[in-house]
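Numbering (the working numbering), first residue to last: 93 to 583.
Yeah, the Cβ is synthetic: ideal placement off N, Cα and C, and Gly gets one too.
The structure displayed is predicted, hence computed values, not measured ones.
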Amino acid sequence: MGLIPTKFLEKLGIKKTEKNEFIAKKLIGSNEMDGELGEIINPYTKKVTTKYVKCRVDDAKEALNSAKKAFNNTKNSTLAQRIAWIEDVAKKLEERKDEFANYITLEVAKPISQAKIEVTRCIENLKITAAAGYDIVGETIPTDATFSGAKTTAFYKRVPVGVVVAITPFNFPLNLVAHKIAPALIAGNSVVLKPTPEAPYTAYAFAKLFIDSEYAIPDALSVVYGDADVGSALVTSSIPRKISFTGSVAVGKIITQNAGIKKVTLELGGNAATFVESTADLDLAASRCAVGAFANSGQVCISLQRIYVDEKIYDEFAQKLGKEAGKLKVGSPFEEDTFMGPLINEEAAVRAENWINSAISEGARIIAGGKREGNILYPTILADVTDDMNVICEEVFAPIVSLVKVSGYEEAVEKMNNSPYGLQFSMFSNRIDLMNRAIDDFEAGGVVINDIPTLRFDIQPYGGVKLSGIGREGAKFAIEDMTEIKSVVIK
């Protein structure tokens, strides 16, 4: 993950210069900062916030070998120690909540109010994971249940898979790390984490809480930072038995093609949609849809991208949504009342702007926004969008939402499901019959009624269908994927 300069550390309140590369418990790197040097530039201030030395393929291999050796310690550790470990990290993080929120805002320019929410969620997530540790259980099996069987003592137990490789994105650089490494560690695995290149210090500081804990298992957690070659070395190696990845569909496909025979969890793209039915509370729907479409500048896998609106209320809802978007403060992520800051880089902002211009040239019209200033794209609402426009076919990962007029529930379901993605869908309605139908009709990993598809509780299972991924996150469900079932018969 590289070296953090003394000047940056002092800015963050860290007095001592530290080498900032974790391979097992050893710190890799040098104060001379040898190796290829990279920089993190804040998307809003355009100033350098972090400098780091990139890992090489050899570093990734070293981390994997270290994790392989450490697995003997993790699998033989007590559950009590591992629960105490996760609880201790949660406690230490709670004591430094504001500090970690600042790290997130400094590196990826997430508005500070939303960065604080992410830290709070991460603390809760760790506590949920610690509690889920008590439910790592097996079950007895009645082997005399068939005439060909016999009376035995038979049961199955859950055992750790081994080495877990966790690869995480920039949009939630703290909580999405917790969603992977905490369940892996509490299940008794060792972990190699490759965090997002956009937020190396956030991941470093979080990993340090684990490694410095009095309950830490020696060498159980390694952190490597690097490019696609480093990621490829981790994925293609025969050492890891589990890959947990959150990111793009394109990279997800590469992982499935190259991982070999090992467990894989993929949380990939989304094209989240909602249906605003004619009986819905339009004020509620408009208010929540503005949040769902524009939080974190639309850089959320379940950001609301498509809104299908019953034709009877289409114009009224469009007007209300436009007003709600106009209330959102756009600007400096360091100010508490800012709702939306910049996109991660100007390339992302230009790409989104081009999609808007393309949609307009094909007949869409702008209800709100559409303006770009550098990395900032203002909250944009498009109307009269058709099914073949990029802004509705593909994941935009930007503050753009499209309104589509439909004749009613049947057409809405058909259009919502007509997508290669299926992460989360929602519906606003006061008709209980349609609510019940939507639960079964929506082709998505999650369904939300009377709120936005962007709604996620960390205690729930989370994941998609189709190109949106494989497997589920959420502590209980991740632990299941990070363990194997071992069957036992005593005769």
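Look at the beta carbons and you see the stretch 411-425 touching the stretch 365-383: at least three pairs across the two are nearer than 8 Å.
Only residues of its own chain outside the window of five on either side were considered, and among them P135, N467 have a CB closer than 8 Å to the CB of N437, listed in chain order. Its chain contains L266, V269 as the residues whose beta carbon lies nearer than 7 Å to that of F298, once the 5 sequence neighbours on both sides are disregarded; these appear in chain order. L396 and V343 have their alpha carbons spaced roughly 22 Å apart. Here D227 carries a helix assignment [DSSP, helix/strand/coil]. The count of Cβ pairs closer than 8 Å, one atom from the stretch 360-372 and one from the stretch 552-562, reaches three, so the stretches are in contact. A Cβ-Cβ contact shorter than 8 Å links T366 with M519.
Nearest neighbour of A276 by Cα position, chosen from D573, V580, I582, K578, turns out to be D573. P310 sits exposed, since fewer than 16 C-beta atoms from the chains shown fall within 10 Å of its C-beta. Residue range 189-200 is occupied by the alpha helix (DSSP H) that includes F192. Excluding five sequence positions before and after A504, the CB atoms of its chain that fall closer than 7 Å to its own CB belong to F367, Y400, V498, given in chain order.
In the three-state scheme derived from DSSP, where H, G and I count as helix and E and B as strand, Y470 is classed as coil. A Cβ-Cβ distance of about 7 Å is found for the pair G556 and Y513, placing them in contact under the 8 Å criterion. Cα atoms of V327 and A291: separation of roughly 21 Å, rounded to the nearest angstrom.
Under DSSP, Y317 takes part in no beta bridge, so it has no partner.
V255 sits close to P332, with the two beta carbons spaced by under 8 Å. For A567, no beta strand (DSSP E) segment is defined; the enclosing uninterrupted segment is the alpha helix (DSSP H) at 567-573. Taking all protein chains in view, the Cβ of F409 is crowded by 16 or more other Cβ atoms within 10 Å, so the residue is classified as buried. Per the Cβ contact rule, the stretch 481-492 is not in contact with the stretch 526-534 (fewer than 3 Cβ pairs under 8 Å). Within the DSSP secondary-structure output, P332 pairs in a beta bridge with V255. Taken in chain order, the complete alpha helix (DSSP H) segments of 4 or more residues contained in the stretch 432-509 are 438-453, 482-485, 501-509.
Nearest neighbour of N446 by Cα position, chosen from E428, A460, V483, D429, turns out to be V483.
K404 is the residue among E535, E187, K404 whose C-alpha sits nearest the C-alpha of T371. If you look at F367, you'll find it in the beta strand (DSSP E) that goes 364-368.
Of the other Cβ atoms in all chains shown, 16 or more fall within 10 Å of the Cβ of F431; this residue is therefore buried. Beta-bridge partners of G514 (DSSP): V557. Ranked by Cα distance from G318, the options L129, F569, I541 are led by L129. Excluding the 5 residues flanking it on each side, G461 has same chain C-beta neighbours closer than 6 Å at Y470, P471, T472, in chain order. In the structure shown, T232 adopts extended strand secondary structure according to DSSP, grouped into three states. Rounded to whole angstroms, the separation of the alpha carbons of D304 and S314 is 13 Å.
In the DSSP annotation of this structure, the continuous segment of the alpha helix (DSSP H) that includes R529 starts and ends at 524-533. According to DSSP, D402 shares a beta bridge with V498. Residue state for F520 is assigned as strand, using DSSP reduced to three classes.
In the DSSP annotation of this structure, the continuous segment of the alpha helix (DSSP H) that includes I346 starts and ends at 341-350. Residue pairing by DSSP places G130 opposite Y144 in a beta bridge. Here Y307 carries a coil assignment [DSSP, helix/strand/coil].
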